[in-house]
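From first to last, the protein sequence lines stand for chains G and U. Residue numbering for the first sequence follows the working numbering, starting at 1 and increasing by one per position. Residue numbering for the second sequence follows the working numbering, starting at 1 and increasing by one per position. Encoded as structure tokens, the structure appears first; notes follow it.
There are 2 protein chains.
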Amino acid sequence: MDVQTYLAVLRAEIEAALDAYLPPAAARPARLHAAMRYSIESGGKRLRPVLCLASAEAVGGPCDRAMLPAVALEYLHTYTLIHDDLPAMDNDDLRRGRPTVHKVFGEASAILAGDALLTLAFELLARVAAPPPYPPGQLVAELAAAAGSRGIVGGQFEDLAAEGRAPEAELLAYIHSHKTGQLIRAACRLGAIAAGADAAQLASLTAYGEHIGLAFQIADDVLNVISSPTELGKAVGSDAARKKMTYVALYGLEASRAKARTLMTAAQAALTELGPRAKPLRGLAEYIVARNS
Amino acid sequence: MDVQTYLAVLRAEIEAALDAYLPPAAARPARLHAAMRYSIESGGKRLRPVLCLASAEAVGGPCDRAMLPAVALEYLHTYTLIHDDLPAMDNDDLRRGRPTVHKVFGEASAILAGDALLTLAFELLARVAAPPPYPPGQLVAELAAAAGSRGIVGGQFEDLAAEGRAPEAELLAYIHSHKTGQLIRAACRLGAIAAGADAAQLASLTAYGEHIGLAFQIADDVLNVISSPTELGKAVGSDAARKKMTYVALYGLEASRAKARTLMTAAQAALTELGPRAKPLRGLAEYIVARNS
Numbered sequence: 001m002d003v004q005t006y007l008a009v010l011r012a013e014i015e016a017a018l019d020a021y022l023p024p025a026a027a028r029p030a031r032l033h034a035a036m037r038y039s040i041e042s043g044g045k046r047l048r049p050v051l052c053l054a055s056a057e058a059v060g061g062p063c064d065r066a067m068l069p070a071v072a073l074e075y076l077h078t079y080t081l082i083h084d085d086l087p088a089m090d091n092d093d094l095r096r097g098r099p100t101v102h103k104v105f106g107e108a109s110a111i112l113a114g115d116a117l118l119t120l121a122f123e124l125l126a127r128v129a130a131p132p133p134y135p136p137g138q139l140v141a142e143l144a145a146a147a148g149s150r151g152i153v154g155g156q157f158e159d160l161a162a163e164g165r166a167p168e169a170e171l172l173a174y175i176h177s178h179k180t181g182q183l184i185r186a187a188c189r190l191g192a193i194a195a196g197a198d199a200a201q202l203a204s205l206t207a208y209g210e211h212i213g214l215a216f217q218i219a220d221d222v223l224n225v226i227s228s229p230t231e232l233g234k235a236v237g238s239d240a241a242r243k244k245m246t247y248v249a250l251y252g253l254e255a256s257r258a259k260a261r262t263l264m265t266a267a268q269a270a271l272t273e274l275g276p277r278a279k280p281l282r283g284l285a286e287y288i289v290a291r292n293s
Numbered sequence: 001m002d003v004q005t006y007l008a009v010l011r012a013e014i015e016a017a018l019d020a021y022l023p024p025a026a027a028r029p030a031r032l033h034a035a036m037r038y039s040i041e042s043g044g045k046r047l048r049p050v051l052c053l054a055s056a057e058a059v060g061g062p063c064d065r066a067m068l069p070a071v072a073l074e075y076l077h078t079y080t081l082i083h084d085d086l087p088a089m090d091n092d093d094l095r096r097g098r099p100t101v102h103k104v105f106g107e108a109s110a111i112l113a114g115d116a117l118l119t120l121a122f123e124l125l126a127r128v129a130a131p132p133p134y135p136p137g138q139l140v141a142e143l144a145a146a147a148g149s150r151g152i153v154g155g156q157f158e159d160l161a162a163e164g165r166a167p168e169a170e171l172l173a174y175i176h177s178h179k180t181g182q183l184i185r186a187a188c189r190l191g192a193i194a195a196g197a198d199a200a201q202l203a204s205l206t207a208y209g210e211h212i213g214l215a216f217q218i219a220d221d222v223l224n225v226i227s228s229p230t231e232l233g234k235a236v237g238s239d240a241a242r243k244k245m246t247y248v249a250l251y252g253l254e255a256s257r258a259k260a261r262t263l264m265t266a267a268q269a270a271l272t273e274l275g276p277r278a279k280p281l282r283g284l285a286e287y288i289v290a291r292n293s
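Okay, here's the thing in structure tokens:
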């Protein structure tokens, strides 16, 4: 099975689960739940849930135990997008080719829909006790650490603070690893832990996740320069217009592409000990670097 | 020990724990952590952590196991205050006598500080496995359910939507029970569960929590009319100015006070089976109705 087919199969399962675990559209407050559904239903690559499920598969564990963590990861990721798009933050009008949540539902509803998705992520994750030797709350602990003030929220904070400042390697590394890297790393770890990975397997998947996390963000920076709005579903060149600190701004386009490829190779090398069950993850590493949206 | 002394002793322990579990002020991003600390250090009654610890004591369980849930409850409560005060929501400039977080740190920082406190609440709670017969993730599950779109976030959503509309009993009951009631109920349940309450004890404390939750909100509505800004630490009469749906607006001042007292009596009656260990909770019920801030 090639990576596109693999992705398509997993995504269909993920889409069904993403829909099933949201509060019913008719549940009160219906308009709030509509905003949550609007943001989740706007598609996207579903990369984090795919990585979670593929990581569970790579350690030979039961994949079904990784589905709730996979859903929680996507809800949490979607909350970060809703809040990042707010007028007080990145002030984006478009996301995946559609008006952003605050554009459609208003700012208060967007803040609350984000809050609710973040909370729902933990509500779902609480239902899955991590198997021994992990403490039962390990999945919640890992996702919360990746998402909090020393994870995604910290990365977004520094990203906003860095706008307009001269590019600087150390700060850029902080922003990338926190804003994007930690959740991709957590996606791999949650899948591995839910499936009962041993220490060596978990270490392999952690290294893989760190490499592809950075590769993903570099590819994002490159796409923001070279893609078209149709492909990307949002404005192109917005990073430069906003004087965002990006890999391309700091190192240039060719060095960025070369770095992404190097990281892809390193990610694949980290999977060696896992054998053939990690084949989908190898393909995913290539996809992350070669994607055009 | 009278209730004021009891509160003072517990509050000192709680303040120390609230400080200890926040990221160090120097941890990166320092300015984000400063915003989190500013909001937590602005004081308040610490009612939810007090209820959590007193509920653990009422079932005879080890109180120390309830401290992390108590801290998580206050972090989560504080996040709701930060987000509720935002310009897109209630647009409040003062909270507990001090400028609100977005007034001091800016709107983006306030959104992110709230997000980080919500996330930190779950990170802490994940460290405490609920004792049998509860599933280990029960504490996270209960807090998330109380906080999400069918809890606090839903209550805040309907509260905003109700501004300017004619008071209506069913909608007011929804707003009060979701925006305030569920977290106070959860505070009692989390303490009870962490201390290993049996089914009858948990039911008693749940009923107690529901009664005082509503009593607390009614007392709040009354204070918004009759208190002074100095006592309250925020503007008085703001509910009426904003045409908020309140108990006083719907039933009048005297009927509201009478209802609060009835609820206090019902809350105390719910504690009968728990015996003398529930004495602090009885005093707390009186305090909630009689407080002047």
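C-beta atoms are modelled at their ideal positions from N, C-alpha and C, and glycine is treated no differently.
Separation of the CB atoms of leucine 139 of chain G and alanine 130 of chain G is rounded to 5 Å, and the pair is thereby assigned contact status at 8 Å.
CA-CA distance, proline 23 of chain G to threonine 78 of chain G, rounds to 15 Å.
Closer than 8 Å to the CB of histidine 83 of chain G there is at least one CB belonging to chain U.
Between the alpha carbons of leucine 172 of chain U and glutamate 158 of chain U lies a gap of roughly 9 Å.
Scanning chain G for C-beta atoms nearer than 8 Å to the C-beta of valine 153 of chain U yields Leu32, Leu112, Asp115, Ala116, Thr119, reported in chain order.
When DSSP states are grouped into helix, strand and coil, leucine 94 of chain G belongs to the strand group. When the Cα atoms are used, alanine 56 of chain G and leucine 124 of chain G turn out to be separated by approximately 18 Å.
Counting only runs that start and end inside the segment 169-244 of chain G, the alpha helix (DSSP H) elements of at least 4 residues fall at 169-176, 182-194, 199-226, 229-232, 238-241. In terms of CA proximity to threonine 206 of chain U, U:Leu51 leads the group U:Asp64, U:Ala16, U:Leu51, U:Asp220.
For cysteine 52 of chain G, the enclosing alpha helix (DSSP H) starts and ends at 47-58. Collapsing the DSSP output to three states places proline 29 of chain U in coil.
If the five residues before and after leucine 118 of chain U are omitted, its C-beta is found closer than 7 Å to the C-beta atoms of Leu76, Tyr79, all from its own chain and listed in chain order. Contacts with chain G at 8 Å (Cβ-Cβ) do not include leucine 183 of chain U.
Distance from the CA atom of valine 128 of chain G to the CA atom of valine 222 of chain U, rounded to whole angstroms, is 43 Å. No Cβ-Cβ contact shorter than 8 Å links leucine 112 of chain G with isoleucine 152 of chain G.
About 5 Å separates the Cβ atoms of histidine 178 of chain G and glycine 154 of chain G, confirming a contact at the 8 Å cut-off.
Note: proline 99 of chain U is bridge-paired with U:Leu94 in the DSSP secondary-structure output.
Within chain U, the residues Ala108 have their CB atoms less than 7 Å from the CB of leucine 160 of chain G, given in chain order. Pairing proline 87 of chain G with phenylalanine 105 of chain G, the inter-Cα distance amounts to about 13 Å.
Between glycine 148 of chain U and alanine 116 of chain G the beta-carbon gap is near 5 Å, inside 8 Å, which marks them as a contact. Here alanine 34 of chain G is not near valine 71 of chain G, since their CB atoms are 8 Å or more apart. Of all C-beta pairs linking the segment 57-68 of chain U to the segment 24-31 of chain U, fewer than three are shorter than 8 Å, placing the two stretches out of contact. At a cut-off of 8 Å between beta-carbon atoms, methionine 67 of chain U makes no contact with chain G.
Check the Cα spacing between lysine 244 of chain U and each of U:Asp90, U:Leu53, U:Asp19: the tightest is with U:Asp90. Between the segment 187-202 of chain U and the segment 255-267 of chain U, the count of C-beta pairs closer than 8 Å stays below three; the two stretches do not touch.
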